[in-house]
Every structure is written in structure tokens, then in C-alpha cells.
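Notes to accompany the following structure.
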Amino acid sequence: MPILPSGTQKKACDNQHPYNTKYNSCACDNQHPYNTKYNSCASDNQHPYNTKYNSCACDNQHPYNTKYNSCACDNQHPYNTKYNSFVRITTTTKTSTTAGFVRNTTTPKAATTAGFVRNITTPKATTTAGFVRITTTTKTTTTTVSSSTTSSNPAFTLAMSFKILLTFDQNLADSSSSMFKTFKSAIEQTLRQTYLNLNGFVAVNVLGFRSGSVITDFVLQTNSVNSTAIVTLNSKVAMALQAQGYNVDASSFSGVIQGTQPFIKNYDIIYPGTTLQLTCVVPATMQMGTGSWSVNGLPVSNNAKYSITNSPPTLTVQDMGGGDNGIYMFTMTQSIFTFTHNESISVTDVIPPIIQLNMLATNVPCGANENIPLTCCVTYYLINNVTATWMDGSVEIPSVQTITNMLCVSVAYPVPKQCDTKQLTCQVMVRKGSTTQTLTDDVTLMFFSGAPDCNDITYGAGMNGNIATVLCPANFTGNRTAVCANGKWNLQEDNCVFSPIVTLSLFSQSLNSASVSSFVNDLKTTTTNFKSDITQSSATISSIVNILGIVASVSQNISKTSMQNVLETVSVLVSPQTQQSWAGLNSNNRSQSTSSTLLESIENITHSLSSNSFTISTANIELIKTTLTGPFSEAMNSSKIFIPSQGLPSNTSITTIVFTTLEFVLPTRTTGSSTNNSINGVVMLAYVIETINNVSLTFDITNKTKGNNQCVFWNFKVFQGIGGWDSTGCQLQSETNDSVTCSCNHLTSFSILMPLFVPESIEVALNYITYIGVSISMGSLVLCLIIEAFVWSVVTKNSTSHMRHVAIVNIALSLLIADIWFIIGAAVSNVGQSTPKNSCSAATFFIHFFYLALFFWMLISALFLFCRTMMVFSHMSKRTMMAIAFTVGYGAPLIIAIITIAVTAPKNGYFRQDDVCWLNWYQTKALLAFVIPALTIVAVNLLILIVILVKVLMRGVGENRQSEEKNALLVIARCVAVLTPIFGITWGLGIGTMVAPTNLGIQIVFTLFNAFQGCFILVFGTLLDSRIRSAIAGKFSFLPSLSTGTKSTSAGPSSSSFGLFRRRGRSYYNISEASSSQSTDF
2 MPILPSGTQK
12 KACDNQHPYN
22 TKYNSCACDN
32 QHPYNTKYNS
42 CASDNQHPYN
52 TKYNSCACDN
62 QHPYNTKYNS
72 CACDNQHPYN
82 TKYNSFVRIT
92 TTTKTSTTAG
102 FVRNTTTPKA
112 ATTAGFVRNI
122 TTPKATTTAG
132 FVRITTTTKT
142 TTTTVSSSTT
152 SSNPAFTLAM
162 SFKILLTFDQ
172 NLADSSSSMF
182 KTFKSAIEQT
192 LRQTYLNLNG
202 FVAVNVLGFR
212 SGSVITDFVL
222 QTNSVNSTAI
232 VTLNSKVAMA
242 LQAQGYNVDA
252 SSFSGVIQGT
262 QPFIKNYDII
272 YPGTTLQLTC
282 VVPATMQMGT
292 GSWSVNGLPV
302 SNNAKYSITN
312 SPPTLTVQDM
322 GGGDNGIYMF
332 TMTQSIFTFT
342 HNESISVTDV
352 IPPIIQLNML
362 ATNVPCGANE
372 NIPLTCCVTY
382 YLINNVTATW
392 MDGSVEIPSV
402 QTITNMLCVS
412 VAYPVPKQCD
422 TKQLTCQVMV
432 RKGSTTQTLT
442 DDVTLMFFSG
452 APDCNDITYG
462 AGMNGNIATV
472 LCPANFTGNR
482 TAVCANGKWN
492 LQEDNCVFSP
502 IVTLSLFSQS
512 LNSASVSSFV
522 NDLKTTTTNF
532 KSDITQSSAT
542 ISSIVNILGI
552 VASVSQNISK
562 TSMQNVLETV
572 SVLVSPQTQQ
582 SWAGLNSNNR
592 SQSTSSTLLE
602 SIENITHSLS
612 SNSFTISTAN
622 IELIKTTLTG
632 PFSEAMNSSK
642 IFIPSQGLPS
652 NTSITTIVFT
662 TLEFVLPTRT
672 TGSSTNNSIN
682 GVVMLAYVIE
692 TINNVSLTFD
702 ITNKTKGNNQ
712 CVFWNFKVFQ
722 GIGGWDSTGC
732 QLQSETNDSV
742 TCSCNHLTSF
752 SILMPLFVPE
762 SIEVALNYIT
772 YIGVSISMGS
782 LVLCLIIEAF
792 VWSVVTKNST
802 SHMRHVAIVN
812 IALSLLIADI
822 WFIIGAAVSN
832 VGQSTPKNSC
842 SAATFFIHFF
852 YLALFFWMLI
862 SALFLFCRTM
872 MVFSHMSKRT
882 MMAIAFTVGY
892 GAPLIIAIIT
902 IAVTAPKNGY
912 FRQDDVCWLN
922 WYQTKALLAF
932 VIPALTIVAV
942 NLLILIVILV
952 KVLMRGVGEN
962 RQSEEKNALL
972 VIARCVAVLT
982 PIFGITWGLG
992 IGTMVAPTNL
1002 GIQIVFTLFN
1012 AFQGCFILVF
1022 GTLLDSRIRS
1032 AIAGKFSFLP
1042 SLSTGTKSTS
1052 AGPSSSSFGL
1062 FRRRGRSYYN
1072 ISEASSSQST
1082 DF
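If you count by the working numbering, then the sequence shown holds residues 2 to 1083, one letter each, in order.
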């Protein structure tokens, strides 16, 4: 028997003891702060605490004592058992417990107060408010110990032990023996005092003792584990116990950390065939360590089935099935500790068997000496309970069986001699308990004679009109059907659904309200992790929509987390990547109700939302659930809802959801007469359980083109139940350049429709014409500039010719740069989406500037022609003409462009919002800064042409009338052929597209003229100039044909073989030419 540990012996009470020093507990007088506050030096019925709790009297009538039986203090008392509040060192004759604390009133005994153990050597002690108060002058010793109350759900539980080098006494095996209690109390007290300094400490308790010397088992509960800190504290525990007389082996400390946090799983419900990931939550200091995994007691390693990674420790299990059910354990050793956590994992058993045939219908050449490969595969969570056979009627066909994660049976079926259509059956039998279920699936063999019209590796051979149905590609379940036409297999129907979604769809057939939360989390995980596979598959999207319909039908009291999962799933379904898939669904008669079903499912789920207010935001959806106060107003993404006071109950809630991408999801079919519409804003869903008779909805419009916007709601009942837009009960209240406000007398899903000016198919064609034409135009302009540079020294020897070529070069250069900026503007803008401000402003500015420069250089050409024809100039130098030309040609456009951007940009009305980068029309009429100068120049040029024509015809009365008339006609032809078609007609048509935007003829002709302006400049401004052709012929003597039938002129194109007017033997251009040479001055 060891000596009594020094920690339990009676000591004197002095001011050096830490507790006594802190609380001055050795002195009890009215000056002590605690005593002053609680008057604890007086113990009578007048003391407030004593009066409240009647702590001076301890009997069974006291309410607290009656409740907790606190007048009896033993290890069987529930309160004492729970909180270990009764630690007895020596036997006492009387114990008084007040407010859950032990109070000793005679000696010798120990008082345990609020988790503190204190030995008393006085004949009387009283306890007040949880503290022991000594009423005599006998010295006492107080030792502080932390409370052993256990915190709920600690992150880690450490089962630890150490060895005391002492012969084991059987009394230590008896928890009721005084020796056991003495050891337990002293050791537990020391452990608490020491581990209290451990970060995350919760509690520590001694469990017992066992032989092997004396092995002490205890449990340490903590929210974090630092093995280095615990090792250090273990040494302090050993030293403290050694000081008390316990011969502790300091090197004997060891422990097992039991992880209490469950594995983090990628799926809440384990589905057959899925890939399961288990991540173990280990202490932070052990994150970088390497551990081991076991399944049902057997260690696992990296192979085709299992994959192990560290930091954090994760086990990946491929193709989960019933054979993978069991106990999964992770173990890691570091320093003196072994961390372990185990958990039972099982695959859900509600998924029925899935049968997949490699083909359902195939075509075979009649009489072919070949075998038809047929495969039937079955997926089931208990694959060993499955058998499969191929049957020809009632006759079993010999087959080869393989089992991996699925059961597959394969046959090589010989082509029969009789070429009659044949049906073979895959028969699957599933044992489940004492019952057996039989499932079948059929394949149809069709035969043809002669050489096949179609033949490929996917659908095989066939004749025109034959149908083939084959298996889906890897990771998809279902089939694809194609028809042979014109020597090619054409896909007719694609029912391939992403395999994990098939599993979820089958599970949803048995879904109930209790499992909705876990299920929608798994649905969200699958859709977000495999977004690319899902968005490109129409059948998969349709399957998920059907799943959401089932979720809506069983949901009750949906939480914010579950609704978040639902909306994240839907956000994937309506992401821009699904646009092509939705186009296929909406155009198919059998799936055109899918979009309506999706919207209806979301609306029904909102009916089951919990009563809490919350907000959810995803990439394409925003939800706000709040209390409906009257009047109610809520601004959301590009929309606003206002409901005036209507006398509704005070606790009425409203749910609003805004969808930003449903313009390609919901078809634009409407109950009205218009068939060519587009959704021109977001779609807002609003739900209130009460009846609403008046609601105002404001939508930011997407396409700001002026049109007849119509307020509509989605009616699920129209068009034989497939749904469509309906305007009943809604009307347009007001409209601005940016928004439309609607007034409705009910709530559901709302938006606005706008008639399309140009059908989508035509618009696509116009876009192709524009970009192809602009590309050709730019190439033509580059070629024009190259030619001009090549012949410049030859064709600019006099001022008239020089001015003409300067003008044509600047016209070509301005249009080329404008086209380049047009391409840049098209690249930075995204029609229907927000346009980047700075880049689009720059593109708009330079397009505006260089288009104006083009027109002003055209004006310079016309004015020069006017002056050269109508007036006699003398002594105007070439430098003067160049200065005037460049000042007008670029100075005037620059001034107009700067003024335009300065006036309209501060109002955010410089360029078109959500459209191509070009001057704004509907908000600020900035386009007038181009239209007015351009059309004015066109009008001036036409006036100049008329004046010249009249003047030339008047000159026709004279001896050279025939020659003068011919020259005049040539000049007019030149002006009409170049100036008017290229610029006048083109931009006149541009105005026509704004005046009559629904006129397809104007749209098409304007696009053609606008796209090919560069070609017109190359042909009429350069190639039709005989002098340029002569210059090129002179450079390339091996091309004499270019100079045939031409005559060198001083100013422009003649009527050569390309000319519009021709006279036998001679062609003319310059109507005032007197000789072959001209003065350098004009």
C-alpha cells in the first residue's frame, strides 16, 4: 500500500496558496470583495442567497433538495454521477449539499465545491453560493481543480494510459474501494490541472486501473490535438504525480485518438455504381501524415477498385455495390498516438436492376455468313444475386458470362437462313430474399437483300428507310435511333441519359419527404461535378426536370440549404451552355413541355419552403423569401416587384425568384396572334399563399429596340397542357427606353415579350453576309491602296489627277480603318449581354470618325469636280489644295465625333447597350451625329451632279457638242456609278432599316451594299481608271492586253473595254482637256 498522496493530505491555509492568494480565502471578513458582495461571512436566513435557496437548512422539503436529493450525497445520486460532484476522501458523519455543491459541517471530511476539492480541518464549515467558508481560525488548504463537466460532442476523444511502477492491488479493480477512490481522485485532479492548459481542452476522466504494474486508463476529450503539446503535458503529469508519491513511468504514456466526426462523403446516399469518396477528419497536426485504410478488417491499397490519397486522407471506391458494404476504418500513428475512425457504409437497396443491350434494333444482310454480336449487361447493387441468359423464344442461347461491376452475357448469334424479322430476349433473374424477380429486354433483328446503302461502325449496315437502335456511348444509359437516308445514317432520337442521373432518377421513384434533403444535395453534387456532360445532353436535362417534379411532389418544409441545392441544380440546367439542348427539346413534340415542367416544379417547391426569411443567389437565379409587409417593394436582378397594401395577415410571407437566362429555355409561343416573339427581360416568379389582386412588376428590357412590348405570364394549362405565354390579367402600365412596368391581378411567373423585327434565321444569314462581305471589302481596300502606291508616280503628274487619287486613297483608307474597328467592336460586344464600356466607347468613336471622314473625302471629290468643271481656277497651288482637303476631310469629322461623345457619354447614351458597338439611337439619338452629316453630303453631291449635268448639256450647243456631250456623260456616269451607290444608296437604306425595321427586303439590300463598299471603291475608283491600267501594263510588259484599247488621260477612268460609254476609235474622260499635258497649278 503506497503512502497517501501528498495532494490529499491536510495542509495549513496560508496566503501563499494560489487559490487563497487570488480569493483571500484564508481570511473571512466584510472587507473581502466577495464577502462584501455576497455577505458570505454571515450565514443565516437573512442572507439573500441563503434566503433564496434556504441553504442554511438542508432537508427534503427544500425544492432544490427535493429535485436533486441533495441532502444525500453518494455515487448513486444522478447529479453526482453525471458531474462527478461527489469526491470523498475520508468518511464524513454529515454532508450538506446546497445548489448542487457538497457541504461538510463536521470533521474530518472534504468539501467539493463547484469543481474545487478542499480539505478542511475545522470542526465546522459552511458553504455559500458554491464556495466553502471556514468559521473558525483553524488553518485550511484549498486546491483548485477544473470542472470535469463534459462538453457535448468534442471533436476528438483520446483513450490514454500510463504506468505506475507499483505492484497491482486488487482493491484498485474495485471502484467502490477506498483505495480506488483515493487513486482516482488524486490522479484525476492532477490530470485536470495539467491538461487545462491544452488548447481545445474539454474534459478528462480516469476510467480505472489494470494490472501490469498499475496501468491507469483515462479519457481526454478535446476539440484539437497537438501531439507535441500533449507529450509535454504528459511529462508534467508524471512529475506532479511523482511529487505526490506515485512512481509514474514517464515514458509509458500512450493513447488512441477516436475521431468522432463522420467521414466527409461526396454523396449523402450511397448509390450503386457510383464512385464514393471518403475523407477522414484528422487533427490538424496530423494532416500531413500517412495512414492506412481497411474495409471490414482487411487492408486496402491503390488498385483498380480503391484509390488512396493523403492531405487530407481520402479513400476513393469505384463502382459501389452491395459487396462493398461494411466497416470502413482509417488509422494513422504519430508520436505516442494512434488515430482511428471507423464508420459503417452501405449502398442503398432501392435501385432496381438496370439492363443495357448493345443494340435494340439492327439490320443484317440476308444470308450473310457471319455472326451477330449481342451483349446484355446488368447493373445491380447485389450483382451476385443476378443471373442473365439470352433466349430465342423458349430456347436458351449459349453465352459467355463476365462479372466486373456489372454482369454481362454475350453471344455470337449466327445469321439464320430464313430472312424473317427475328426477336431475341435477354432474360434477367434477380434474387431478393426469398423472392425472385424476372426482367426482360428484347432486340429486333431485321434483314435486307442486296448491297447496303448505309454502313458505319455505330449503326451497322442498312438500306434507305431502315431503322437502327444502338447502345449509348460510355457513361450514358439508354439508346440512340437512326434512320438510313441518302446513304447516311441520320440520328432521329437520342435517349442517352448520363448514367449517374439514371441512378438518381430510379432512386427518386421511392423518394419521401425525410430523404429529400440528402437527395437534393446529391443531385446538386452530380449536376455541378459533371456539368459538361449534362448540359450537352437533352435527354439528361429532361430526366433531371422529371426528378425535380418528383422532389416538388414530396417536399415538405424545405430548408434554405435544400432550396440552395435545388437552385444550383436548376442553374446548371439553364446555363448558356444548354442553349442547343433546349432548342432540341422545344422543337420535339414529345419533349416540348419540358421547360414548362421545370418552371412548374420550381414554383411548386416554393410552396413548401420553410417559414424563415432568407436569400439565395446562384449564377443564373436569385431568390428572396421575406415577410410581406404592406405596401411591399423588392428590387432584384434587372427587375422590381411592388404590391400595395391589401389587408393581408401580418405574418404573410412572399417568395420571389428571378431567372436571368430563360429566354432560350421557355419557348415564345403565346396565346395571342403574334408568333414571332422574343423574351425581352428576366423571368420573375412570385408566390404568396394569400390572394393578390394588384401587383406591379418592372423589368429592365434586354433589347432596347423600340417595339410593342407585351406583359405576359406563363400559363401552364394552354396549348393542350404544354404551357405558353398568356397576357390575361396583365397590361402594360408604362414604358421607358430602359424598362417596362406591368400591372397584373394575380401572381405566377412573369416576363415581357417583344415581336422580332427580323426572323432569327434571316438574322443569322445577314450576319454571315455582313462578316463575309466586310472581309472581302477589307481585302479589296488593301488591294486598292497597294495599286495606288504602285502607280502613284505615273498617275499623279498633274494637279487634277493628283487630287483625284489623293481623295480615293483617303476614302479607301478611312473605310478600311472603320471596318477594322467594326471587327474590334463586334469582338468586344455580346448582343443581349452587358457591353464593356471603355472598349466599346473606343470602337464606336473610331468607327464614327472614319465613316465621317469617308463622307467628307467624298464631298471633297465632288467639290473638286464641281470647281474643275464649272469654274476657271488660276494659281491655286497643290499645297493649298492639300491643306484644304485634309482640314475638311479629317478636321470636320474629328470635331463632330468629339462633340458627340462629350455630349452623350456622361448620360450613358453614347453607344448601344446590350448590342453591337455603334452610336446610340433610342436613348440619346447620338446616331444623328452621323446620319445628318452623311445624308447632307449625299444631297450636296447629288446637287453637284445635277448642276454639272445641266452645264455640260448647255455646252453641247457648239462645234464640239458631240464630244462635250460624251465627256459630260462620262463624268456623270463616273459620279453616279461611284458616289451614289457606295454611299448614298447604302446609308439611305440604313435609314430605311430604322423607319421600317420589319421590311426584310430593305434589311437584306442594306446589308449587301454596306458589306461590299470596299469592292465598289476598288472597281469604280481604281480598276476602271484607264491610266492606272496603262501604268500597270507599263510595269508589266508581259501583260499587253491591259493597255489594249486605252488612251492615257490626265484625270480618271476612260470608257475602255470596261467603260460605260464608248465611241469608235477614241474614249474621253476629261471634259476640259485641251492637250495631253496640264499645268501643275489649277
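Even for Gly, the Cβ is constructed at its ideal location relative to N, Cα and C.
- In its chain, beyond the 5 residues on either side, Trp822, Ile825, Gly826, Cys918 have a beta carbon closer than 6 Å to the beta carbon of Ala844.
- With at least 16 other beta carbons inside 10 angstroms of its own, Asn811 counts as buried.
- Remark: C-beta atoms of Ser740 and Thr699 approach each other more closely than 8 Å.
- Among the bridge pairs identified by DSSP, Glu397 is matched with Met392.
- Per DSSP, reduced to three states, the secondary structure at Glu601 is helical.
- If only uninterrupted alpha helix (DSSP H) runs of at least 4 residues are considered, those enclosed by the segment 809-893 are 838-871, 879-887.
- DSSP lists Pro415 as the bridge partner or partners of Asn372.
- Bridge partners of Lys423 according to DSSP: Leu446.
- Here the alpha carbons of Gln581 and Ser778 stand approximately 32 Å from one another.
- Ile352 is the residue among Ile352, Thr390, Leu361 whose C-alpha sits nearest the C-alpha of Leu383.
- The continuous alpha helix (DSSP H) containing Lys237 extends over residues 228-244.
- The three-state secondary structure of Phe210, taken from DSSP, is strand.
- The three-state secondary structure of Cys743, taken from DSSP, is strand.
- In the DSSP secondary-structure assignment, His803 is not bridged to any residue.
- With fewer than 16 neighbouring CB atoms inside 10 Å of its own CB, Tyr769 falls in the exposed class.
- Under the three-pair Cβ rule at 8 Å, the segment 151-165 counts as touching the segment 246-261.
- The criterion of a C-beta distance shorter than 8 Å is satisfied by Tyr272 and Thr504.
- Ser800 is a Cβ neighbour of Met882, given a cutoff of 8 Å.
- According to the DSSP assignment, Gln278 belongs to the beta strand (DSSP E) that extends over 277-280.
- Under DSSP, the beta-bridge partners assigned to Met360 are Val471.
- Burial state of Pro284 is buried, judged by a 10 Å Cβ sphere holding 16 or more other Cβ atoms.
- Secondary structure of Lys266 (DSSP, three-state): strand.
- Boundaries of the alpha helix (DSSP H) around Gln194: 179-196.
- Between Ser539 and Leu586, the C-beta gap is smaller than 8 Å, which places the two residues in contact.
- Excluding five sequence positions before and after Pro894, the CB atoms of its chain that fall closer than 7 Å to its own CB belong to Phe850, Leu853, Ala854, Phe857, given in chain order.
- Excluding sequence positions up to five before and after Val207, its CB lies within less than 6 Å of the CB of Lys185, Ile188, Glu189, Phe219, all in the same chain and listed in chain order.
- Annotation for Glu569: the continuous alpha helix (DSSP H) segment containing it runs 561-574.
- Looking at Ala251, Leu242, Ala244, the one whose alpha-carbon comes closest to that of Thr233 is Ala251.
- Membership of Val713 in the beta strand (DSSP E) is indicated by the continuous run 711-716.
- About 24 Å separates the beta carbons of Cys420 and Cys377, which is beyond the 8 Å limit, so they are not a contact pair.
- Rounded to whole angstroms, the gap between the alpha carbons of Leu440 and Thr390 is 11 Å.
- Counting C-beta pairs closer than 8 Å gives fewer than three between the segment 233-250 and the segment 462-472, which falls short of the contact rule.
- Here the alpha carbons of His342 and Asn248 stand approximately 33 Å from one another.
- Ile617 sits close to Lys561, with the two beta carbons spaced by under 8 Å.
- In this structure Asp443 is exposed. Its beta-carbon is surrounded by fewer than 16 other beta-carbon atoms within 10 angstroms.
- Rounded to the nearest whole angstrom, the CA to CA distance from Leu375 to Asn326 is 32 Å.
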